[in-house]
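Okay, so here's the structure we're looking at.
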Amino acid sequence: MLEAGAFAAIGQAALVVGGLLVWRFRTLTRAVVVGSLMAFGAGAVISAVSTDLVAVAYDEAGAGATALGIGIGGLGYFLIITLLERSGAREKPEAPLEAAVEKSPDGEVAAASPTEARNLFVGMVIDGVPESVAVGLSLHLGSVGISLALVGSIFIAGLPEAIGVAAALLAGGYSISKILIRFGIVVVIGAVSGVLGYQALYGQNPELIALIQAIAAGALLVVVVNEMVPIAIRGIQRWAGVIAASGFVFSAAITWISGG
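First residue of the sequence shown: 886, per our numbering; consecutive thereafter.
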């Protein structure tokens, strides 16, 4: 249980690392850097989802349950985001990264207002919960414990988001300490989500666990396609596919090295 929380926190800790990096090196907000990181992260997440969630769910529960879970996860995540956008709790899923990629004429990153800062925080939490739950779930059916590929890909994918959000908040007058406190809260929520993802299904039927793994996979796939791929393409255009393929190979290599 503690292992699930610890590794879920490690995955979300990319927010803190990214915040510190952009505070020290403002050039990281360049479109080509953010786009490259996002493309690499997208490929890594797709690989980890395929190998450590979908493949395992298929082996345990079969094609029908896996397909059903992916459909539920993808549609469910999409509906939650849509409802939050309409209620104003989160303006746009890709807002944190657009703040870094789309700069004003003077070259400065767009500043986040207090309302936008709140929305960005809500968005990070919503993105982090399914990722962290998936990490906790991977302990149940993984052959060698935690999925290192999944944790690594979540960490890599979180760096561009952290860079975008931190850049927008710094431009809005927020101190680095306040930014790190916000990011730290997301890391704690991620750790709790990882524990819940593990503990809620402790001792349950493997087929049920596999179904929920598939649901988590569906949610992560929507995150990749709706939020990561568009930013990657805007930042580095056609190179996005090549770098995403590199991210896929990187994540697959981690799975192979760890014996997954």
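Heads up, the beta-carbon is just placed ideally off N, CA and C, and yes, glycines get one too.
Item                                                                                                                                                                                          : Value
Three or more C-beta pairs under 8 Å: does that hold for the stretch 912 to 931 against the stretch 1042 to 1059?                                                                             : yes
State the Cα-Cα distance for the pair Gly1082 and Gln1098, rounded to the nearest angstrom.                                                                                                   : 10 Å
Return the CA-CA distance between Phe1068 and Val901, expressed in angstroms with no decimal places.                                                                                          : 6 Å
Measuring straight from C-alpha to C-alpha, what distance separates Ala1052 and Gln1089?                                                                                                      : 43 Å
Thinking just about the alpha-carbon of each residue, which of Trp908, Glu888, Gln1084 and Leu1106 is nearest to the one in Gly958?                                                           : Leu1106
Would you kindly check if the distance between the Cβ of Val1077 and the Cβ of Phe892 is under 8 Å?                                                                                           : no
Looking at C-alpha atoms only, which residue of Ile931, Gly1049, Ala1056 and Ala1101 is the closest neighbour of Ala950?                                                                      : Ala1101
If Gly1120 and Gly920 are in contact, beta carbons under 8 Å, what's the gap, nearest whole angstrom?                                                                                         : 2 Å
If Gly1132 and Ala929 are in contact, beta carbons under 8 Å, what's the gap, nearest whole angstrom?                                                                                         : 4 Å
Considering only residues of the stretch 1091 to 1136, which uninterrupted alpha helix (DSSP H) runs meet the minimum length of 4 residues and lie entirely inside it, listed in chain order? : 1091 to 1108 and 1114 to 1121
Give me the Cα-Cα distance between Val1134 and Phe1006, rounded to the nearest whole angstrom.                                                                                                : 31 Å
Out of Val918, Ser1062 and Ile1074, point me to the one whose CA is closest to Leu871's CA.                                                                                                   : Only positions 886 to 1145 of the chain appear in the structure, and residue 871 is not among them; the question remains open.
Using a Cβ-Cβ cutoff of less than 6 Å, which residues in the same chain neighbour Thr936 once the five nearest sequence positions on both sides are dropped?                                  : Thr1140
Straight-line CA distance for Leu953 to Leu1093?                                                                                                                                              : 12 Å
Using 10 angstroms around the beta-carbon of Met1113, count the other beta-carbons present and answer buried if the total reaches 16, otherwise exposed.                                      : buried
May I ask you to report which of helix, strand or coil DSSP gives Gln897?                                                                                                                     : helix
Count the other C-beta atoms from every protein chain shown that fall within 10 angstroms of the C-beta of Gly1058, then say buried if there are 16 or more, exposed otherwise.               : exposed
For Val1018, which residues in the same chain have their Cβ closer than 6 Å to its Cβ, ignoring the five residues on either side in sequence?                                                 : Ser1078, Gly1082 and Ala1101
Buried or exposed: which applies to Val1073, given that a residue is buried once 16 or more other Cβ atoms fall within 10 Å of its Cβ?                                                        : exposed
Is Phe963 helix, strand or coil when you go by DSSP?                                                                                                                                          : helix
With a threshold of 8 Å on Cβ separation, who are the neighbours of Gly1075 within its own chain once the five nearest residues in sequence on each side are excluded?                        : Ala893, Ala894, Gly896, Gln897, Gly1013, Val1014, Glu1016 and Ser1017
Could you tell me if Val1071 is buried or exposed, where buried requires 16 or more neighbouring beta carbons within 10 angstroms of its beta carbon?                                         : buried
What do you get for Ala1085, buried or exposed, if any count of 16 or more other CB atoms within 10 angstroms of its CB means buried?                                                         : exposed
Under a Cβ-count criterion, where at least 16 other Cβ atoms within 10 Å of its own Cβ denotes burial, should Leu968 be classed as buried or exposed?                                         : exposed
Using a 10 Å radius around the Cβ and a threshold of 16 neighbouring Cβ atoms, would you call Met923 buried or exposed?                                                                       : buried
Going by CA-CA distance only, name the one from Leu1055, Gly1021, Leu1033 and Tyr962 that's closest to Met886.                                                                                : Gly1021
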